[in-house]
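Q: Quick note on numbering: the numbering used here labels position 59 of the sequence shown as 65, and the sequence is numbered without any gaps.
Supplied in structure tokens, the structure appears directly below.
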Amino acid sequence: QANLVESGGGLVQPGGSLRLSCTDELGVRTVALTAWYRQATGTGRELVASFTGARSTNYAESVKGRFTISTDNAKNTMYLQMNDLKPEETAVYYCKGMGTHNTYWGKGTQVTVSS
């Protein structure tokens with residue numbers, strides 16, 4: 007079981023930055039926080055960034071060099087630092103966790119990039 011909760015979204019101007027956080031509020035630590043996705047209105051959910059191994063990460067081509075995924079194991083929290091945001095990146099951002107048998111998703115946090 008897990009209860010993933012995202013935070014840190016909001017309204018930001020183009021070129022601005024936000025840092026999203028994701029934590030498992032149940033705190034059981036049986037779920038690995040593994041990835042960030044986003045979904046804009048009328049589109050499918052797309053992978054933004056993920057951990058692919060103990061020290062490996064993967065990014066969507068469009069965010070390489072601007073977004074950074076990281077984790078603080080002591081706090082059981084995953085982050086997504088987003089810099090130089092663009093209006094087309096307006097979306098609901100979701101974190102994903104992997105348990106032994108199940109996949110877990112948070113409810114998402116809205117990021118709006120607009121002047």
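We put the beta carbon where it would ideally sit given N, CA and C, even for glycine.
#1: Between which residues of its own chain and residue 22 is the CB-CB distance below 6 Å, once the five residues before and five after are set aside?
#2: Evaluate residue 29 with the Cβ neighbour count: other Cβ atoms within 10 Å of its Cβ, from every protein chain shown; 16 or more gives buried, anything less gives exposed.
#3: Identify, in the order they occur along the chain, each residue of the same chain with its Cβ nearer than 6 Å to the Cβ of residue 64, setting aside the five sequence neighbours on each side.
#4: Quick check: the stretch 98 to 115 against the stretch 72 to 83, are there 3 or more CB pairs under 8 Å?
#5: Suppose contacts are defined by Cβ-Cβ distances below 8 Å. Is residue 82 in contact with residue 25 by that definition?
A: Straight from the coordinates:
#1: Cβ within range, chain order: 91.
#2: Residue 29 should be labelled buried.
#3: A distance below 6 Å between beta-carbons, with the five flanking residues on each side excluded, links residue 64 to the following residues of its chain, in chain order: 56 and 58.
#4: They do not touch, by the three-pair rule.
#5: In this structure, residue 25 does not lie closer than 8 Å to residue 82 by Cβ.
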